[in-house]
Amino acid sequence: MHCDQNRFAQAVQRLRDFINMYDYEARLTTYSDWPFTENCKCTPENMAKAGFVHCPTENEPDIACCFFCLKELEGWEPDDDPWTEHSKRSANCGFLSLTKCVNDLTMEGFLRLEGERIKCFYQKFSADVLQYVEEEITATTKRLLEYFSNQHQCSVDLDL
Numbered sequence: 001m002h003c004d005q006n007r008f009a010q011a012v013q014r015l016r017d018f019i020n021m022y023d024y025e026a027r028l029t030t031y032s033d034w035p036f037t038e039n040c041k042c043t044p045e046n047m048a049k050a051g052f053v054h055c056p057t058e059n060e061p062d063i064a065c066c067f068f069c070l071k072e073l074e075g076w077e078p079d080d081d082p083w084t085e086h087s088k089r090s091a092n093c094g095f096l097s098l099t100k101c102v103n104d105l106t107m108e109g110f111l112r113l114e115g116e117r118i119k120c121f122y123q124k125f126s127a128d129v130l131q132y133v134e135e136e137i138t139a140t141t142k143r144l145l146e147y148f149s150n151q152h153q154c155s156v157d158l159d160l
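The numbers in UniProt numbering rise by one with no breaks, and the one at position 147 of the sequence shown is 147.
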């Protein structure tokens, strides 16, 4: 359970951190260790323009995640076009459907866009949250049953 809680906490932190990733330059700075830099379609500049943030792991140095729809893609090849790959795998991404620069949006337009980004987050992680809550309820119930059984010498049988 601790691992699930940690994973959820990391996801929430990513949601908070990614608010800054509406900015192209902020996305671009994440590509300091990107393996494809020249003579290819998936350069850091093209990746950042397509909404991707570089999120490498020890075993997967080419993971990129859309800051908006949270779609993670790996296994990039030099000829992969970031816009094409993004739209193939996440056609409904709100970032892909923008018709103007984020800085040119009205406050209302930006708030609607940010609401959509948060909705993407909850859709992606709601099953994890539900599973975590159910596991915590079961564990807490067992601890309470054990406590009452030990403290009050009573037996309560619940089908858990």
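Where a beta carbon is used, it is the ideal one built from N, C-alpha and C, also for glycine.
Backbone CA spacing between residue i and residue j [nearest angstrom]
i	j	result
His-2	Asn-39	Note on His-2: pLDDT 48, under 50, position unreliable in the model; no value is reported.
His-152	Phe-125	40 Å
Pro-78	Leu-144	57 Å
Thr-138	Tyr-132	10 Å
Phe-121	Ala-127	11 Å
Asp-23	Glu-136	38 Å
Tyr-31	Lys-119	26 Å
His-86	Ser-149	55 Å
Phe-68	Arg-27	12 Å
Thr-140	Leu-130	15 Å
Ser-97	Gly-109	13 Å
Trp-76	Glu-25	21 Å
Helix, strand or coil at residue i according to DSSP, with G and I counted as helix
i	result
Ala-64	strand
Leu-28	helix
Leu-73	strand
Leu-15	helix
Asp-104	helix
Asn-6	helix
Asn-59	coil
Enclosing beta strand (DSSP E) for residue i [first to last residue]
i	result
Val-53	52-54
Extent of the continuous alpha helix (DSSP H) run through residue i
i	result
Thr-140	107-152
Glu-85	82-89
Met-47	44-49
8 Å Cβ shell around residue i - same chain, five flanking residues per side excluded
i	result
Asp-33	His-54, Pro-56, Pro-61
Glu-114	Ile-19
Neighbourhood of residue i by C-beta distance below 6 Å, restricted to the same chain and skipping five residues each side
i	result
Glu-116	Gly-94
Trp-83	Ala-50
Lys-71	Arg-89, Ser-90
Asp-81	Lys-41
7 Å Cβ shell around residue i - same chain, five flanking residues per side excluded
i	result
Pro-35	Pro-61, Asp-62
Met-21	Arg-27, Val-53, Phe-67
- Message: For the structure I just gave you, are there three or more beta carbon pairs, one from the region 35-49 and one from the region 5-19, closer than 8 Å?
- Response: no
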